[in-house]
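Line by line, the protein sequences give chains A and B.
So the first sequence is residues 1 to 337, counted in my numbering.
So the second sequence is residues 1001 to 1340, counted in my numbering.
C-beta atoms are modelled at their ideal positions from N, C-alpha and C, and glycine is treated no differently.
From a predicted model like this one, the values you see are computed outputs, not experimental measurements.
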Amino acid sequence: MAEKEVLMQIKDLSVTYETRLGPVSAVEGVSFDILKGEILGLVGESGCGKSTMGKALMRMIQPPGRISSGKLIFDGEDIMTYDENQMRDFRGRKISMIFQDPMTSLNPVQRVDEHLVEAIQVHEPKTKPSDALGRSNTLMERLGIQKQRMKNYPHQLSGGMRQRVMIGLGLVLNANLIVADEATTSLDVIVEAKLVDQLKEIRDEFGVTLLVITHNIALVAEISDRVAVMYAGHLVELGTVEKIFDNPLHPYTYGLLSSVPNIKLDEREELYKMGGEPPNLTHPPKGCRFHPRCPKAMPICETIEPQFQEVARGRFVKCWLYENHPDKTTKKIEVAA
Amino acid sequence: MSASLRRFIITRVLLTIPMVLILVTMIFFIMRILPGDPIRSQLGPRVSEEQANALRERLGLNRPLYVQYFDFLWDMVTLDFGTALTQGERPILDELGERMPATIELTIPAIAITAVIGIFSGAYAAKNRKKPVDYVIRLMSIVAYSIPVFFMGLIFQILFSVRLPVFPLAGRMDTLMMTTFESRTHFYVIDAILAQNWKALGSVLMHLVLPSVTLGLALSGVFVRLTRVNMIEMLQSDFITAGRARGLPERRLAYRHSLRNTFIPILTLLGLQFAILLAGAVLTETTFSWPGVGRYLVERIQLRDYTAVQATIAVFALFVAAVSLLMDILYAFIDPRIRY
Ligand SMILES: Nc1ncnc2c1ncn2[C@@H]1O[C@H](COP(=O)(O)OP(=O)(O)O)[C@@H](O)[C@H]1O
Ligand SMILES: [Mg+2]
Chain A
1 MAEKEVLMQI
11 KDLSVTYETR
21 LGPVSAVEGV
31 SFDILKGEIL
41 GLVGESGCGK
51 STMGKALMRM
61 IQPPGRISSG
71 KLIFDGEDIM
81 TYDENQMRDF
91 RGRKISMIFQ
101 DPMTSLNPVQ
111 RVDEHLVEAI
121 QVHEPKTKPS
131 DALGRSNTLM
141 ERLGIQKQRM
151 KNYPHQLSGG
161 MRQRVMIGLG
171 LVLNANLIVA
181 DEATTSLDVI
191 VEAKLVDQLK
201 EIRDEFGVTL
211 LVITHNIALV
221 AEISDRVAVM
231 YAGHLVELGT
241 VEKIFDNPLH
251 PYTYGLLSSV
261 PNIKLDEREE
271 LYKMGGEPPN
281 LTHPPKGCRF
291 HPRCPKAMPI
301 CETIEPQFQE
311 VARGRFVKCW
321 LYENHPDKTT
331 KKIEVAA
Chain B
1001 MSASLRRFII
1011 TRVLLTIPMV
1021 LILVTMIFFI
1031 MRILPGDPIR
1041 SQLGPRVSEE
1051 QANALRERLG
1061 LNRPLYVQYF
1071 DFLWDMVTLD
1081 FGTALTQGER
1091 PILDELGERM
1101 PATIELTIPA
1111 IAITAVIGIF
1121 SGAYAAKNRK
1131 KPVDYVIRLM
1141 SIVAYSIPVF
1151 FMGLIFQILF
1161 SVRLPVFPLA
1171 GRMDTLMMTT
1181 FESRTHFYVI
1191 DAILAQNWKA
1201 LGSVLMHLVL
1211 PSVTLGLALS
1221 GVFVRLTRVN
1231 MIEMLQSDFI
1241 TAGRARGLPE
1251 RRLAYRHSLR
1261 NTFIPILTLL
1271 GLQFAILLAG
1281 AVLTETTFSW
1291 PGVGRYLVER
1301 IQLRDYTAVQ
1311 ATIAVFALFV
1321 AAVSLLMDIL
1331 YAFIDPRIRY
């Protein structure tokens, strides 16, 4: 893969929700880059903090949650330093988001064209309504929504069409990054497959970057260039889709892949089912958050947290198997490039 | 009008008939079970048996009960309502025709006050949830909700009419002006404008302030709470989050996107509250000596004027039914998902 420019750098991002049972560290110390024009899949079990991460990228965490630390560097600027007005301008124009439920993510009393025209006019107040409408119609036509559908209300559209409207709303202001949080989950299989194809086309045609958040590992395999694996608020592995699927490094990734029957793993390794449950994030386990469920856990895993580090070019993993430490008896496993 | 909308309206109108029928039947019998009768209320306790019988005969009260009942129903069907049994025995339609405008003139500003106060402060509280202004608005809404209407009226009278003589104490206009004021429509505001009598208009408007504010405030408490709760829920809905992710300003998200969706439950309440509004109007009219239908009803209940009470209740019921029908039709305009 050719060297790609970095679009967004996430540095040491942590998000905490204050709840009655104590603070929930839904995202903790996460660092990674999003590359220009890529489709990055973010995968993990539900409750591991994927949506929280997606919202945090746009600083959309609502109370009782807050971003407790981290830098979000977009096009060289740390958006954590932006004020509310700058953020408002940023949202929609630089990053846009598509949500899981297309039934509820459009205003039920607003027509499709009104949604698009409103988005344009809020961000570009000088645009004439007729121009905004023309632009919206052209864009939506490219996404396969005919002109007469533009006058429809959301309830008159199918789920797939609504999701395309959401995509259109992301594209109409030429956002660089579109975060799709479980955007295909609620659609039926055929519509989902179509939408996945369309997302890829959109990336090629519009040159946007996509962060596809899903719990569906098969979808990730199909759509992503690179994959980031999350577990209990931590990013545990990151790499190209081929590398991750051919040779998963983190025991959690391995477990995740073997839970999907049609993905072939290295035959020497024994298939295993992950036991146990994801941890309660009010009291996450010490050390590596995965150690209570990990078949390869070592004593050190219970006390000290491993680093998320680059073990080969473009391969990141957060696991003691690939890191040395004086308290560790075994040597780290070297990963071939 | 679409065929389905027409069918909907016809069904609703037909459903109104049994509702009104049951109501007036209940009133018919309750009035007659209550101790006292219109004969005593008209002739006093010392009347001779002969005189009483003569009046009873003239009013048709000597006929068997079922005859009176069906006679009354027939009057209803022909929308005639018959004549009152007391106070000059005038046709009830004439009496209501004079008093209904007074009540409407009071309730329209009251509803406007309720809606404006209720919806705006409810929405404002929701947008500023858990900030001091939210607690203040909520506290005031509870106060408005729990104070009896007549007590609130009394306090306003003491404060703004007796202590600080800004507004008149009671009535619809200055008594002196009344003597020369010619009323054609019985809507004094309209009459004054038609006659280009600006002094009279000023007096009418000043007389309107305290009663309509009393009634409006009393009803606004529920609206504040309802608007607030619905707005809070709406502000957390997915399409608001999606709008925020598109960079729409918070004000726009609150007052355009959320509030418009909140109007649907608010309208329902407004329709339901209409009955309560009429009840409030009865109390307000009594407190402020406002010569409307509410005060008329209270007077005639005391006089045991069977026909007048029956007719007034029937008219109230028809009004409530008409308003709730209107609300249902309005939904279709606000919410594109609803089609009849
Ligand atoms: N508004 C909230 N208040 C409290 N806890 C929350 C809130 N939203 C999410 N969480 C917690 O944060 C964790 C991650 O949630 P989420 O980001 O929705 O996960 P995912 O999208 O991967 O399913 C969960 O443990 C969840 O309980
Ligand atoms: Mg989620």
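A Cβ-Cβ contact shorter than 8 Å links A:TYR252 with A:VAL229. Counting the other CB atoms within 10 Å of its CB gives A:GLN146 a total below 16, which places it among the exposed residues. At the C-beta level, A:HIS291 and A:PRO285 come within 8 Å of one another.
B:LEU1059 has its alpha-carbon roughly 52 Å from the corresponding atom of B:THR1262. Residue-level contact by beta carbon holds for A:ASN107 and chain B, with a gap shorter than 8 Å.
In summary, the residues of the region 95–126 of chain A whose CB is separated from some CB of chain B by less than 9 Å are ILE95, SER96, MET97, ILE98, PHE99, GLN100, ASP101, MET103, THR104, SER105, LEU106, ASN107, PRO108, VAL109, GLN110, ARG111, HIS115, GLU118, ALA119, VAL122, HIS123, in the order they occur in the chain. Within chain B, no residue has its beta carbon less than 7 Å from that of A:MET150; the closest one is some 14 Å off. Burial is judged here by how many other beta carbons sit within 10 angstroms of a residue's own beta carbon; A:LYS94 has at least 16 and is buried. For A:VAL212, the enclosing beta strand (DSSP E) has its first and last residue at 209–214. Contact check for A:MET8 against B:ALA1245 fails: the beta carbons are separated by 8 Å or more. A:LEU139 places its beta carbon 8 Å or farther from that of A:LEU106.
According to DSSP, residue pairing for A:MET8 in a beta bridge involves A:ILE34, A:PHE74.
Distance from B:THR1307 to B:GLY1082 at the Cβ level is roughly 5 Å; contact confirmed, criterion being Cβ atoms closer than 8 Å.
With a threshold of 7 Å, the Cβ atom of A:ASP181 counts as near ligand 2, since some heavy atom of the ligand is closer than that.
In terms of side-chain proximity, the C-beta atom of A:SER46 is found nearer than 7 Å to a non-hydrogen atom of ligand 2. The beta carbon of B:ARG1012 does not come within 8 Å of any beta carbon belonging to chain A, so the residue lies off that interface. In this structure, B:ASP1305 lies away from B:THR1107, with their beta-carbon atoms at least 8 Å apart. By the neighbour-count criterion, in which 16 or more other beta carbons inside 10 Å mark a residue as buried, B:PRO1211 falls on the buried side.
In this structure, A:LEU116 and A:LEU169 form a Cβ contact; the two beta carbons are roughly 6 Å apart against a cut-off of 8 Å. Residue-level contact by beta carbon holds for A:ASP89 and chain B, with a gap shorter than 8 Å.
Going by C-alpha positions, B:GLY1221 is about 29 Å away from B:MET1019. Of A:VAL165, A:GLN309, A:LEU57, A:SER130, the smallest CA-CA separation from A:MET87 is found for A:LEU57. Closer than 8 Å to the CB of A:TYR17 there is not a single CB belonging to chain B. Scanning chain B for C-beta atoms nearer than 7 Å to the C-beta of A:LEU133 yields nothing, as the closest lies near 17 Å away. Short of 7 Å from the beta carbon of A:THR303, and not among the five residues preceding or following it, lie these beta carbons of its own chain, in chain order: LYS286, GLY287.
At a cut-off of 8 Å between beta carbons, B:ASP1071 makes no contact with chain A.
Nearest to A:LEU143 by C-alpha distance, out of A:SER130, A:MET166, A:LYS126, is A:MET166. Collapsing the DSSP output to three states places A:MET140 in a helix. Chain B places no beta carbon closer than 8 Å to that of A:ARG20, leaving this residue out of the contacts. Contact note: A:MET58 reaches chain B through ALA1245, using a C-beta cutoff of 8 Å and chain order. Classified as exposed, B:PRO1148 has fewer than 16 neighbouring CB atoms from the shown chains inside 10 Å of its CB. Taking a Cβ-Cβ cut-off of 9 Å, the neighbours of A:HIS155 in chain B comprise PRO1336, ARG1337, given in sequence order. Listed in chain order, the non-local C-beta contacts of B:ILE1027 below 7 Å within the same chain comprise VAL1309, GLN1310, ILE1313, local neighbours out to five positions each way being set aside. Given a length threshold of 3 residues, each whole run of the beta strand (DSSP E) inside the region 73–130 of chain A is given here in chain order: 95–98.
In the DSSP assignment, no residue is bridged to A:HIS155. Take the alpha-carbon of A:GLY47 and the one of B:ILE1009: they are about 49 Å apart.
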